[in-house]
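Here the sequence shown is numbered in the numbering used here, starting from 114 and rising by one per residue.
We put the beta carbon where it would ideally sit given N, CA and C, even for glycine.
This one's a predicted model, so the numbers in the text were calculated from it and none came from an experiment.
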Amino acid sequence: MFTAARRYIDANPGQPDLTVDSVLAMSQLSRPTLYRLFEPEGGLHAYIRNQFMETTTW
């Protein structure tokens, strides 16, 4: 499920509907579990933000 959540974020980095809630709904994991799994990545919010920043051109 963690891999699926990462793939979902990686595939949709610039989408306005990419939120923690949308990742939760897609992954079917609990909020605490999802946050715990993304701790090594700097946290879930940080991972989403970093993916957005990597794909956005200024």
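Start and end residues, alpha helix (DSSP H) containing residue i
i, result
"F151", "It is not in any alpha helix (DSSP H) - F151 carries neither H nor E in the DSSP assignment."
"Q164", "L157 to T168"
"M114", "Note, M114: premise wrong, no alpha helix (DSSP H); not H, not E."
Proximity of residue i and residue j at Cβ, strictly below 8 Å
i, j, result
"A159", "M139", "no"
"L142", "I161", "no"
"Y121", "V133", "no"
"L157", "F165", "no"
Nearest to residue i (by Cα), restricted to the options the options
i, options, result
"T170", "P126, R149, S143 and E152", "P126"
Own chain partners of residue i with C-beta closer than 6 Å, once the 5 adjacent residues on each side are dropped
i, result
"R149", "none"
"M114", "S140 and L142"
Rounded C-alpha distance that separates residue i from residue j
i, j, result
"N163", "T116", "17 Å"
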